[in-house]
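Read the structure below first, then the notes.
Numbering (our numbering), first residue to last: 9 to 305.
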């Protein structure tokens with residue numbers, strides 16, 4: 009029997025808290041801590057859970073992420089702090105996110121032990137090409153391929169910090185007017201504009217909701233974020249870089265959905281999420297792809 013099985017065999021002590029595509033989180037009701045079980049690595053890491061633990065340790069001074077207490081790389085588990093709160097409401101709580109991300113991005117670190125892409129836009133585009141490779145529906149595949157071919161890769165990266173890269177609404181916990189960020193599965197040492205671009209992209213906001221932000225809402229959020237940074241790092245050119253990442257993250261969103269749509273039909277898939285399966289179909293609908301194609305031009 010593995011340590012993970014020993015830890016969870018007394019089911020009365022554990023409650024299933026959240027189930028993602030590559031991780032399962034259990035709440036230990038006695039300790040009020042979370043046991044996180046890793047089931048795979050989107051980053052193709054040998055020690056995915058160890059990487060997450062390292063990043064969360066670095067981020068502890070921000071008070072915007074869960075504290076971590078222990079890690080077992082052999083079992084693929086870590087124990088971390090349970091944080092109270094509810095998931096982000098885009099319509100009423102966007103203002104709470106700006107200072108949260110500003111605090112995280114303003115943390116100074118040298119990037120040791122972190123994945124640091126040389127050309128982030130090129131790295132995302134390459135990831136998109138890898139993900140779309142297994143999707144063979146001809147009309148939709150051609151449309152997605154055409155979008156990838158016109159992607160703009162020209163960008164400078166004047167400042168790097170720890171970024172989350174997957175800022176879905178369910179990864180933010182709002183407690184009163186205070187916001188924290190959980191689920192650090194794919195962090196990088198990269199441009200904060202990449203995080204902002206992912207957070208604002210229509211492929212992100214629509215994922216767990218039916219919200220697509222207007223250009224005015226995006227601009228207002230960037231304004232609030234810059235105010236919250238308050239000079240802790242140089243934000244010159246941040247807005248322009250953010251919109252480049254918004255477009256690239258739209259491409260990343262639809263190619264991930266194409267890959268996941270195929271993977272969900274494979275026998276033996278360990279985690280299947282019904283809401284995810286429904287959204288995959290919506291993202292691969294031809295009208296949605298037409299909207300994304302218009303947005304990224």
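Virtual Cβ for every residue (Gly too), placed ideally from N, Cα, C. Model, not experiment: these values are computed from the prediction.
>> Within the continuous alpha helix (DSSP H) that includes residue 212, where are the two ends?
In response: Counted from its first residue, the chain shown places residue 212 at position 204. Segment 210-216, the alpha helix (DSSP H) holding residue 212.
> DSSP three-state call for residue 263: helix, strand or coil?
Replying inline: Taking the first residue of the chain shown as position 1, residue 263 is located at position 255. Of the three classes helix, strand and coil, the one that applies to residue 263 here is helix, per DSSP.
> Can you name, in chain order, every residue of its own chain whose Cβ lies under 7 Å from the Cβ of residue 183, other than the five neighbours on each side?
Replying inline: Within the chain shown, numbered from 1, the residue matching residue 183 stands at position 175. For residue 183, where only same-chain residues beyond five positions count, the Cβ hits under 7 Å are 92 and 93.
> Should residue 136 be listed as close to the ligand MN, given that the test is whether its C-beta is under 7 Å from any heavy atom?
Replying inline: In the structure on display, the ligand MN does not appear, and there are no ligands present to speak of.
> Just checking my contact of residue 26 with residue 36 at CB under 8 Å: how many whole Å lie between their CB atoms?
Replying inline: Within the chain shown, numbered from 1, the residue matching residue 26 stands at position 18. Within the chain shown, numbered from 1, the residue matching residue 36 stands at position 28. Not a contact, Cβ separation roughly 14 Å.
> Which whole runs of the alpha helix (DSSP H) in the segment 103-157 are 4 residues long or more, in chain order?
Replying inline: If only uninterrupted alpha helix (DSSP H) runs of at least 4 residues are considered, those enclosed by the segment 103-157 are 128-140 and 146-157.
> Do you know offhand how far residue 296's Cα is from residue 221's?
Replying inline: For the purposes of this step, residue 296 is taken as residue 288 along the chain shown, with counting starting at 1. For the purposes of this step, residue 221 is taken as residue 213 along the chain shown, with counting starting at 1. The straight-line gap from Cα to Cα measures roughly 15 Å.
> Taking the alpha carbon of residue 259 as the point to measure from, which residue in 132, 188 and 64 has its own alpha carbon closest?
Replying inline: Counted from its first residue, the chain shown places residue 259 at position 251. It is 132.
> Per DSSP, residue 33 forms a beta bridge with which residues?
Replying inline: By 1-based counting over the chain shown, the position of residue 33 is 25. Paired residues: 26 and 44.
> For residue 77, does the three-state DSSP call read helix, strand or coil?
Replying inline: Here the question's residue 77 lines up with position 69 in the chain shown. Strand, per DSSP.
> With 16 other CB atoms within 10 Å as the buried threshold, where does residue 108 fall?
Replying inline: One-based indexing of the chain shown puts residue 108 at position 100. Classification of residue 108: buried, given that the 10 Å Cβ count is 16 or more.
> How close, in whole Å, do the beta carbons of residue 171 and residue 117 come, if the pair is a contact with beta carbons under 8 Å?
Replying inline: Here residue 171 refers to the residue found at position 163 when the chain shown is read from its first residue. Here residue 117 refers to the residue found at position 109 when the chain shown is read from its first residue. Contact doesn't hold; Cβ gap of about 11 Å is too wide.
> Below 8 Å, can you find three or more Cβ-Cβ pairs linking the segment 207-214 to the segment 119-139?
Replying inline: no
>> Taking the alpha carbon of residue 50 as the reference point, which residue from 292, 304 and 194 has its own alpha carbon closest?
In response: As a first step, residue 50 must be located in the chain shown, where it is residue number 42. Ranking the options by Cα distance to residue 50, first place goes to 194.
> So, residue 58 versus residue 79, is the Cβ gap smaller than 8 Å?
Replying inline: Numbered from 1 along the chain shown, position 50 holds the residue referred to as residue 58. Numbered from 1 along the chain shown, position 71 holds the residue referred to as residue 79. Cβ distance < 8 Å, so residue 58 and residue 79 count as in contact.
>> Quick check: what's the CA-CA separation for residue 97 versus residue 142?
In response: Counting from 1 along the chain shown, the entry for residue 97 is found at position 89. Counting from 1 along the chain shown, the entry for residue 142 is found at position 134. Computed Cα separation, rounded: 34 Å.
> Candidates 90, 63 and 70: which alpha carbon is nearest residue 123's?
Replying inline: Taking the first residue of the chain shown as 1, we reach residue 123 at position 115. Taking only the C-alpha atoms, the option nearest residue 123 is 63.
> In three-state DSSP terms, what is residue 318?
Replying inline: Within the shown structure, residues of the chain are numbered from 9 to 305, placing residue 318 beyond reach of any answer.
> Which whole-angstrom value describes the C-beta separation of residue 87 and residue 41, a residue pair presumed to lie in contact below a C-beta threshold of 8 Å?
Replying inline: Numbered from 1 along the chain shown, position 79 holds the residue referred to as residue 87. Numbered from 1 along the chain shown, position 33 holds the residue referred to as residue 41. Indeed, because the Cβ distance is near 5 Å, the residues count as touching under 8 Å.
> DSSP state of residue 198, grouped into three classes?
Replying inline: Translated into positions along the chain shown, residue 198 becomes position 190. In the structure shown, residue 198 sits in a strand (DSSP, three-state: E or B).
> In or out: residue 52 buried (at least 16 other Cβ within 10 Å) or exposed?
Replying inline: For this step, residue 52 is matched to residue 44 along the chain shown. The residue is exposed, with fewer than 16 neighbouring Cβ atoms inside 10 Å.
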